[in-house]
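Notes to accompany the following structure.
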Amino acid sequence: MKPEILVIAGPTASGKTALGIEMALRLNGEIISADSMQIYKGMDIATAKPTAEEMSRVPHHLIGFLDRSENFSVADYIKLAAEKADDIISRGKVPVVVGGTGLYISSFVNNIQFPDIKNDEKVRERLRREASEYGNEMLLEKLRKCDPETAAVLHANNLGRIIRALEVFEVTGRKLSEYKRESTLVESPYKFTTVALTYDNRQVLYDRINKRVDLMMENGLVDEAYEIFSERDSIGTAHQAIGCKELAPYFEKKASLDECVEKIKQETRRYAKKQLTWLRKEPDINWIEGSCESDINFFIKKCENLIAK
0 MKPEILVIAG
10 PTASGKTALG
20 IEMALRLNGE
30 IISADSMQIY
40 KGMDIATAKP
50 TAEEMSRVPH
60 HLIGFLDRSE
70 NFSVADYIKL
80 AAEKADDIIS
90 RGKVPVVVGG
100 TGLYISSFVN
110 NIQFPDIKND
120 EKVRERLRRE
130 ASEYGNEMLL
140 EKLRKCDPET
150 AAVLHANNLG
160 RIIRALEVFE
170 VTGRKLSEYK
180 RESTLVESPY
190 KFTTVALTYD
200 NRQVLYDRIN
210 KRVDLMMENG
220 LVDEAYEIFS
230 ERDSIGTAHQ
240 AIGCKELAPY
250 FEKKASLDEC
260 VEKIKQETRR
270 YAKKQLTWLR
280 KEPDINWIEG
290 SCESDINFFI
300 KKCENLIAK
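Numbering (numbering that gives the first Met the number 0), first residue to last: 0 to 308.
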């Protein structure tokens with residue numbers, strides 16, 4: 000019998016955090032975050048981290064443990080998530096994975112094996128210079144010639160992954176897509192039940208997002224974002240978090256605060272749409288559809304029914 004893990008996914012502001020805590024309490028579980036921005040320290044408001052009160056109810060893992068200057072890969076996440084899951088299981092408890100970063104979730108659930116290919120900083124730096132001089136699209140075209148399968152799923156804006164794919168090809172002589180196909184051959188040691196939250200009316204989700212952003216502003220998002228803005232030259236991807244980068248024009252006196260707040264709401268709604276699109280492509284997901292009248296008890300009951308099957 001494989002140890003069981005519950006995964007609660009869904010777009011931002013859908014109610015994952017509250018449901019994750021309640022299900023962990025019912026299952027004698029502990030929560031493993033699957034959010035690519037909540038890993039960083041000092042970004043509590045912008046990334047909508049669980050509050051201190053929420054985390055006091057159930058142990059949470061992989062939240063706020065990394066300095067903003069550090070880089071963090073999907074492979075890093077899979078390694079740490081597996082370590083946390085094994086520790087939780089060894090203590091007779093149930094891991095509950097909660098988050099909206101689809102790549103983290105799908106890679107963990109599908110037991111993706113990442114090749115142990117060391118970074119080559121010289122190659123990376125040269126590719127970054129090429130992108131700066133000739134543009135991201137040129138680099139993507141370069142990738143199309145050596146690894147068209149990987150290039151087909153990447154946008155020109157996703158420079159980090161384009162550079163990584165080119166780096167892998169240069170260092171190993173093999174395509175990243177080949178490694179990816181091989182990575183799915185090892186069966187996962189866990190049994191997953193994955194649920195994803197959504198709403199029957201997209202406007203319900205958008206209203207929840209707008210209210211969340213307003214609450215973030217009340218809780219001090221501007222001050223938090225300004226600190227990150229001030230360090231932007233010395234940190235990695237952290238300053239690209241939604242809620243931080245949209246306030247940069249305000250700090251640079253290029254836009255009003257109201258304009259920037261509206262931009263945060265717009266980008267968060269757009270991100271939620273992307274999260275839903277990603278999740279709908281994944282097999283074996285059990286969707287729980289709420290409405291404007293749905294409360295936490297509705298989601299708990301639906302989730303318990305799915306686990307009981």
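We put the beta carbon where it would ideally sit given N, CA and C, even for glycine. The model shown is predicted, which means the values in this text are computed figures rather than measured ones.
Start and end of the beta strand (DSSP E) containing residue i?
{"i": "ALA195", "result": "190-198"}
{"i": "GLU288", "result": "284-289"}
{"i": "ALA8", "result": "3-8"}
{"i": "VAL319", "result": "Summary: the structure shown does not reach residue 319, with the chain confined to residues 0 through 308, and so no result is reported for it."}
{"i": "SER32", "result": "28-32"}
Thinking just about the alpha-carbon of each residue, which of the options is nearest to the one in residue i?
{"i": "PRO10", "options": "ASN156, GLU120, LEU184, ALA271", "result": "ALA271"}
{"i": "THR267", "options": "GLU3, LEU126, LYS244", "result": "LYS244"}
{"i": "GLU181", "options": "GLU53, ILE284, ASN109", "result": "ASN109"}
{"i": "SER32", "options": "ILE44, TYR249, PHE64, LYS1", "result": "PHE64"}
{"i": "LYS262", "options": "ASP232, ASP213, SER290, ALA307", "result": "ASP213"}
{"i": "ILE4", "options": "ASP199, LEU102, THR192", "result": "THR192"}
{"i": "GLU226", "options": "LEU196, LYS300, GLY41", "result": "GLY41"}
{"i": "MET0", "options": "ILE88, GLY172, GLU148, THR149", "result": "ILE88"}
{"i": "LEU142", "options": "ARG128, GLU166, SER13, GLU124", "result": "GLU166"}
{"i": "ALA195", "options": "GLU140, GLU132, TRP286, GLU29", "result": "TRP286"}
{"i": "GLY91", "options": "GLN265, GLU29, LYS48", "result": "GLU29"}
{"i": "GLU52", "options": "GLU82, ILE20, ALA45, LEU139", "result": "ILE20"}
{"i": "ASP222", "options": "ARG207, GLN202, ASP86, LEU256", "result": "LEU256"}
{"i": "THR276", "options": "GLY242, ARG201, PRO147", "result": "ARG201"}
Exposed or buried, what is residue i when buried is set at 16 or more other beta-carbons lying within 10 Å of its beta-carbon?
{"i": "GLU186", "result": "exposed"}
{"i": "SER105", "result": "buried"}
{"i": "CYS259", "result": "buried"}
{"i": "ASP34", "result": "buried"}
{"i": "ALA151", "result": "exposed"}
{"i": "SER55", "result": "exposed"}
{"i": "LYS83", "result": "buried"}
{"i": "HIS59", "result": "buried"}
{"i": "PRO49", "result": "buried"}
Provide the residue span of the alpha helix (DSSP H) that contains residue i, from first to last.
{"i": "GLU148", "result": "147-150"}
{"i": "ARG313", "result": "One cannot answer for residue 313 here, as it falls past the ends of the chain, which runs 0 to 308."}
{"i": "GLN239", "result": "Careful: GLN239 lies outside any alpha helix (DSSP H) and carries neither H nor E."}
{"i": "MET216", "result": "201-217"}
{"i": "LEU246", "result": "Careful: LEU246 lies outside any alpha helix (DSSP H) and carries neither H nor E."}
{"i": "PHE168", "result": "158-171"}
{"i": "GLY309", "result": "Because the chain here runs from 0 to 308, residue 309 falls outside it and cannot be looked at."}
Going straight from the alpha carbon of residue i to that of residue j, what length do you get?
{"i": "THR217", "j": "ALA237", "result": "Inspection of the sequence shows that residue 217 is occupied by Glu rather than by Thr. Taking the straight line joining both Cα atoms gives about 22 Å."}
{"i": "GLU230", "j": "GLY159", "result": "20 Å"}
{"i": "LYS253", "j": "PHE228", "result": "14 Å"}
{"i": "VAL57", "j": "LEU24", "result": "7 Å"}
{"i": "ASP294", "j": "ASP283", "result": "25 Å"}
{"i": "ASN70", "j": "ASP199", "result": "37 Å"}
{"i": "PHE298", "j": "ARG125", "result": "50 Å"}
{"i": "GLU169", "j": "ALA74", "result": "20 Å"}
{"i": "ILE162", "j": "ASN118", "result": "11 Å"}
{"i": "GLU288", "j": "THR197", "result": "5 Å"}
{"i": "LEU61", "j": "TYR39", "result": "9 Å"}
{"i": "CYS145", "j": "LEU138", "result": "11 Å"}
{"i": "GLU281", "j": "ILE7", "result": "14 Å"}
{"i": "LYS121", "j": "TYR205", "result": "44 Å"}
{"i": "TYR133", "j": "ASN156", "result": "14 Å"}
{"i": "LYS15", "j": "PHE250", "result": "32 Å"}
{"i": "ARG173", "j": "GLU136", "result": "22 Å"}
{"i": "PRO2", "j": "ALA80", "result": "14 Å"}
{"i": "PRO365", "j": "ALA247", "result": "In the structure as shown, the chain begins at 0 and stops at 308. Residue 365 is therefore absent and cannot be evaluated."}
{"i": "ALA47", "j": "GLN239", "result": "15 Å"}
{"i": "ASN209", "j": "ARG269", "result": "12 Å"}
{"i": "ILE77", "j": "ASN296", "result": "31 Å"}
Meets three-Cβ-pair contact criterion under 8 Å: the segment 168-179 and the segment 216-232
Judged by Cβ distances under 8 Å, the segment 168-179 makes no contact with the segment 216-232, as fewer than three pairs qualify.
I'd like to know if the segment 113-121 and the segment 96-104 are in contact, where contact means that at least 3 CB-CB pairs between them fall below 8 Å.
Segments in contact, no.
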